[in-house]
Each structure stands twice: as structure tokens, then as C-alpha cells.
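Position 79 of the sequence shown, counting from 1, maps to 79 under the numbering used here, and the rest follow consecutively. Where is the CB? At the ideal position from N, CA and C, for every residue including glycine. To start, the structure under review is shown below, and the notes come after it.
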Amino acid sequence: MDRFLSSYVHNVDSKGRVSVPSQFRQVIERRGIRELFAMRALSQPAINVGGPEMMEHFEKQMEALDPFSDLYQEMALYAYGDGAYLKTDTEGRILMTDFIRSHTGIADRVTFVGIKDTFQLWEPERFDAVRGALRDRLREKLTGGRGASVSTETPE
């Protein structure tokens, strides 16, 4: 188990803290991640969270660009100027800051969603709605509108 997988809903306490799921904390520990970085998702009301490799991904893309180009400047502003470090306490909790709440609508509960090397923070009802719509779109794309089921089984 070296990837962020599944989704978990946790309550936010009266001080605005929420426990990172133990399964996610195990991945963070195994990978030796000491700092978590958060960025607002561009097309969803979610926060992307990851370690140094998440930032390295953006930096590699930026290296291929002219540092004076508009795209480089926009990516730099997004990655560095619109991100935040998330601090975890000794009990594995993070604080639901205004940075997180204003983009996601999170109030008293948070859905943690694993996405392999990173995870996202969602307001639970929004995530449920997006997940349902996503399943419908994927089913349509994968079946070509035939309504046939898509097999996830491995061929023998």
C-alpha cells in the first residue's frame, strides 16, 4: 500500500481540525513525506494535497517553458502563489483553513479522496454528486452509449 486509495469522510472538530485517514498517514510515512502542500484544483471545488513530488511535477513542466512567457508566469503564480503548506499535528490532524473552506465549501465534514500519488479534500455532498456524474460519463465513454457493462476483471 504505497498509494492514496479510496475515500473517507471525517468530521471537523470545534477547533477546525480534521484527522487525516490512518491509511493516508501510513502512505505519507512510508514515502517519507515531511511537508504536505495544498493547491486549489483548477476545475473542481477541491484541494489537491501532496508532498514534494506534486511540486516537482509542476516545476518539471515549467522548466520546458520560457520563464518570461505568460504560461510560465501563470503556472508559477498558481503553483507558488496560490498554494499553501498544510501542517499536521502530532495526532495526524490538519487545520481546515479559510484557504481550504473558501474553495471547497467544507464546513463540518471532509471527504478525503485518494488519487494515487496525491489526495483531495472535498465537501462530502459535492464529492458524492461529482462522483455520480463521473461514473455516468465514464460508463458512456467506455461503452460507447451501448449501456453494456464495463469489466474490471483481469483476463485469465
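- Closest in C-alpha terms to leucine 95, from the list Pro67, Asp117, Phe4, Phe37, comes Phe37.
- Bridge pairing for alanine 84: Ala38 [DSSP].
- Secondary structure of phenylalanine 99 (DSSP, three-state): helix.
- Of the candidates Gln120, Lys116, Gly114, Gln120 places its Cα closest to the Cα of isoleucine 106.
- Sequence-distant partners of aspartate 2 (beyond 5 residues in either direction) whose C-beta falls short of 8 Å from its own C-beta, in its chain, are Val27, Arg30, Arg31.
- Around the beta-carbon of leucine 86, 16 or more other beta-carbon atoms lie within 10 Å, marking it buried.
- For valine 130, the enclosing alpha helix (DSSP H) begins and ends at 124-143.
- Only residues of its own chain outside the window of five on either side were considered, and among them Arg93, Leu95 have a CB closer than 6 Å to the CB of arginine 17, listed in chain order.
- Going by beta carbons, phenylalanine 58 and alanine 79 fall inside the 9 Å limit.
- Distances from the CA of glycine 81 to each of Val12, Asp66, Tyr72 were compared; the closest alpha carbon is that of Tyr72.
- C-alpha of valine 110 to C-alpha of threonine 143: approximately 32 Å in a straight line.
- The C-alpha of serine 19 lies about 12 Å from the C-alpha of aspartate 108.
- Collapsing the DSSP output to three states places phenylalanine 119 in a strand.
- According to the DSSP assignment, serine 6 belongs to no beta strand (DSSP E), since it is labelled neither H nor E.
- Annotated as distal: phenylalanine 127 and proline 21, with beta-carbon spacing of 9 Å or more.
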